[in-house]
Structure formats: C-alpha cells, structure tokens
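A quick write-up on the structure given underneath.
In my numbering, the protein residues as written are 8 to 451.
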C-alpha cells in the first residue's frame with residue numbers, strides 16, 4: 008500500500024512540475040510582441056532623434072537639484088537640463104558624478120541623513136527637485152530584508168520632501184517604477200486567466216494580494232504615497248512617474264549583462280515587455296516639472312499629486328528577441344545558451360531558503376555572504392518579470408504631453424553602440440553589481 012501511495016504522490020508531483028514548467032514559459036493570449044527581421048534590424052537608425060524636441064527647449068532659469076544625479080536616469084536628466092541651457096543644476100548623490108558631468112556642481116550626501124539633506128538643501132535652495140535616487144534590491148521579498156530598502160527609498164524620500172518644503176521648493180517630481188502597478192504573477196496557480204497584459208493608469212491601484220512582493224517595489228509604493236500626500240496647492244506641487252517595463256540605454260542591466268557575460272543563460276525568452284529609453288524618461292521628468300511649475304490652475308488640477316505610467320515608442324518585444332538584437336548589434340561574439348526555466352525557478356527558491364536559514368540560525372551582520380556573489384540576484388522575487396506586459400501611457404501623453412521618441416530597436420542599437428564604442432563609462436553605477444547597495448541607484 009505504501010509503495011502505491013508513494014508512486015501516486017510521485018506521479019502527481021511529476022505532473023505538477025511539468026505543468027509548472029509549462030506555466031513558467033507560457034505566453035498570454037493577449038500578448039502581441041513585435042519581431043523584426045535581420046534586414047529591419049540593420050536598417051535601424053537613431054541619428055535623427057533630437058532629445059530636445061519633446062520638451063520646451065527654452066531654459067527656465069530656475070534652480071534644479073537632481074537627487075541621484077550620478078546614477079543612470081539622474082545623469083541623463085542632468086544632461087538634458089544642460090542641453091536645454093539651464094545654468095543652475097546641482098547633483099545630489101552619495102558618489103561623484105560621471106566624468107562628463109564632473110564640472111556640474113555636486114554634493115556628496117546620504118539621503119538617509121535628515122541633517123545632511125537639510126544642510127545641502129539650505130545651501131542649494133532649489134526651485135525644482137527631481138528625485139531619481141533609489142536602492143534597487145530587486146531580489147529580496149521577505150520582511151527581514153526590508154530595512155535597507157525602506158531606509159533609502161522611504162525614509163530618504165521623506166527627508167527630501169521635508170527639506171524641499173523647508174526651503175520653499177516649487178516642484179518635487181519622483182521617479183518610481185511601473186512595477187508598483189503590474190500584477191504579480193502567481194506561477195503556482197498554473198493559470199494565466201487572472202493576469203492582464205495591458206497596464207494603464209485607469210486600472211487604479213492594485214489590491215494587496217496582487218502587489219509585487221519585492222522589498223524594492225513595496226518601498227517605492229510607500230514613497231509614492233509620501234510624495235502624493237506632500238502636494239500643497241499654493242505651495243510645493245508634486246508628482247510621480249512610473250517608467251517601465253525596463254529602462255533601456257547605455258549600460259542598462261539587460262544590455263550590459265548580455266554584452267559582458269562570457270555565456271548568457273537564457274531562461275526567460277518567451278515573455279514580452281514594452282520598455283522605455285532613458286532619454287525619454289528624462290524628458291518626461293522635465294515636461295512634468297515644467298507643467299507643475301508654470302501650468303494653469305485647470306492643468307494643475309489634472310496633473311498635480313498624480314502618478315503617471317510612461318513607456319517607449321512602439322510595441323513590446325520578447326526578451327529572447329531583445330537578447331538576439333543585442334547579439335546582432337554587438338561587435339563581438341555573444342553565446343546565448345538556453346537553460347530550463349523550471350530549473351532556474353527551483354534553484355532560486357533554494358537560494359532564498361538558504362539565505363533565510365542562515366539569517367535565522369546564525370544572525371549574521373550581513374544579509375548576504377560575500378562568497379555568494381551575483382547568485383544573490385537569482386531569487387524568486389527576481390523572477391516576477393516572467394510576465395507579459397504592455398504599458399499603455401495614453402494618459403501621460405494626453406495630460407503631460409509626453410511623447411516617446413525611441414523604439415525598442417533604436418534603444419537597443421544605441422545602447423550596444425555606446426557600450427561597444429567605449430562611450431558608456433558614465434553608466435557604470437546602473438549595473439547589476441552596483442545594485443547590491445552602493446550609492447543611490449535608479450533603473451527598472
């Protein structure tokens with residue numbers, strides 16, 4: 008009897024694992040990714056894109072502080088402000104700015120220190136605050152790992168808001184993430200019926216059981232609430248941008264990992280997402296800030312204290328096609344090696360369980376042992392991107408005048424050209440290794 012019971016249990020487990028494997032790689036019926044031919048990839052050019060064309064090209068003369076201005080999105084924001092002719096731009100970050108921005112005034116400040124933030128703001132006295140700093144520990148989801156994300160993303164944002172109000176800042180724009188409104192995939196349900204592909208502002212906020220479990224996303228959502236609640240008619244006006252699904256550009260996580268790894272394991276090829284170029288994200292911040300600082304009352308009623316999704320131009324692509332495009336544009340050979348998705352899924356849970364046991368039994372001083380290296384990124388929270396997402400940013404286009412210029416192909420070709428040409432050193436703070444907690448970072 009025991010033998011047959013064990014056989015039945017084993018068979019049931021085998022069937023479940025097979026169905027789980029199918030679920031992990033299945034695509035949603037409503038997903039319609041774009042696929043370019045080799046000839047179409049070769050024809051892609053970005054030389055005619057004018058990054059100033061979708062914002063007011065006239066300098067405002069206002070004083071800007073870009074928090075996280077040494078990071079990925081922040082550095083592009085600074086560059087775009089300078090291209091527009093702004094003369095009063097200040098970078099606030101824990102690390103020095105990249106070489107091409109070394110002459111821009113900057114302050115080395117830890118935003119988790121209220122005293123230091125207040126002192127810096129009292130000196131700078133900004134009119135416009137553009138907050139792009141974040142700690143992006145996207146692999147963590149348990150409460151015992153929440154403190155670092157909360158400290159930077161929530162308490163840090165609160166410190167910045169308090170300092171902004173104290174010096175009479177006019178505008179505060181916060182760079183959040185589209186992950187705060189993308190339903191979390193529940194792979195164990197084996198069904199995709201509860202999942203939707205198109206994500207738009209009009210969907211409203213997600214119920215708790217559908218929210219991402221990532222500490223990063225939970226902390227960003229808490230920070231969003233602080234920013235929205237800080238809006239004051241007649242005082243400082245605030246707003247939130249939610250770029251996604253991923254922010255592309257020189258040294259973004261996807262491009263960098265594909266270009267630099269000796270062998271690229273591919274276990275996520277089937278899922279499709281619509282991404283956005285970092286120049287478009289920078290332009291969206293400036294357009295939003297311009298509206299909040301000089302918009303008419305009827306405009307402010309529609310855009311102040313709001314959250315806007317923003318994405319790129321064109322349709323979604325599968326992750327497999329994204330990697331193949333990077334492989335095609337690269338100047339060196341890239342090896343893409345398929346790995347069973349189920350194996351990655353199970354291994355991710357083993358790593359997470361091991362870290363939890365280590366923390367509970369040993370009470371170590373660090374959340375992660377140094378010897379684990381980049382394997383720390385392979386945890387269940389990371390795999391939440393195994394989903395099909397097409398962001399509809401119609402509301403931002405209508406109310407903010409947001410107009411993305413970069414297609415997926417242009418974004419990828421630009422990123423590869425910059426990295427392979429040695430012109431992307433300014434993006435080193437956005438790589439995977441940096442996201443273990445060094446400095447204030449921003450990506451998505």
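Quick reminder that beta carbons are idealized off the backbone N, C-alpha and C, glycines included.
For residue 245, no alpha helix (DSSP H) encloses it; the enclosing beta strand (DSSP E) starts and ends at 244 to 250. Leaving aside the five residues that flank residue 330 on each side, the residues in its chain whose CB is nearer than 7 angstroms to its CB run, in chain order, 265, 271, 273 and 343. The DSSP-derived three-state label of residue 79 is helix. Distance from residue 279 to residue 398 at the Cβ level is roughly 12 angstroms; contact not present, criterion being Cβ atoms closer than 8 angstroms. The C-alpha of residue 416 lies about 23 angstroms from the C-alpha of residue 62. Less than 8 angstroms divides the Cβ of residue 119 from the Cβ of residue 162. In this structure, DSSP gives residue 414 an extended state, which the three-state scheme calls strand. Taking the C-beta atoms as reference points, residue 227 is found no nearer than 8 angstroms to residue 282. Going by beta carbons, residue 249 and residue 301 fall outside the 8 angstroms limit. Judged by DSSP in its simplified three-state form, residue 325 adopts strand. Between the stretch 60 to 74 and the stretch 383 to 393, the count of C-beta pairs closer than 8 angstroms stays below three; the two stretches do not touch.
Following the DSSP letters along the chain, one finds residue 233 inside the alpha helix (DSSP H) bounded by residues 222 to 236. Positions of the alpha helix (DSSP H) runs, each at least 4 residues long and wholly inside the stretch 251 to 285, are given as 260 to 267 in order along the chain. For a cut-off of 8 angstroms, the C-beta gap from residue 400 to residue 316 is around 5 angstroms, short enough to register as a contact.
In the three-state reduction of the DSSP assignment, residue 171 falls in the helix class. Using a Cβ distance threshold of 8 angstroms, residue 134 and residue 77 do not count as a contacting pair. For residue 345, the enclosing beta strand (DSSP E) starts and ends at 343 to 345. With distances taken between CA atoms, residue 124 lies nearest to 170 out of 379, 146, 136 and 170.
The Cβ atoms of residue 178 and residue 136 lie closer than 8 angstroms to each other. Between residue 95 and residue 69, the CB-CB gap stays under 8 angstroms.
Secondary structure at residue 364: helix, using DSSP grouped into helix, strand and coil. The Cβ atoms of residue 74 and residue 140 lie closer than 8 angstroms to each other. Residue environment for residue 23: exposed (fewer than 16 other C-beta atoms within 10 angstroms of its C-beta). Shortest Cα-Cα distance from residue 292 to any of 245, 211 and 14 involves 245.
Just measuring C-alpha positions, the residue of 203, 223, 190 and 237 sitting nearest residue 214 is 190. The beta carbon of residue 335 is closer than 6 angstroms to those of 48 in its chain, skipping five residues each way along the sequence. Runs of the beta strand (DSSP E) lying entirely within the stretch 89 to 122 and spanning at least 3 residues, in chain order: 96 to 100 and 113 to 115. Secondary structure at residue 397: strand, using DSSP grouped into helix, strand and coil.
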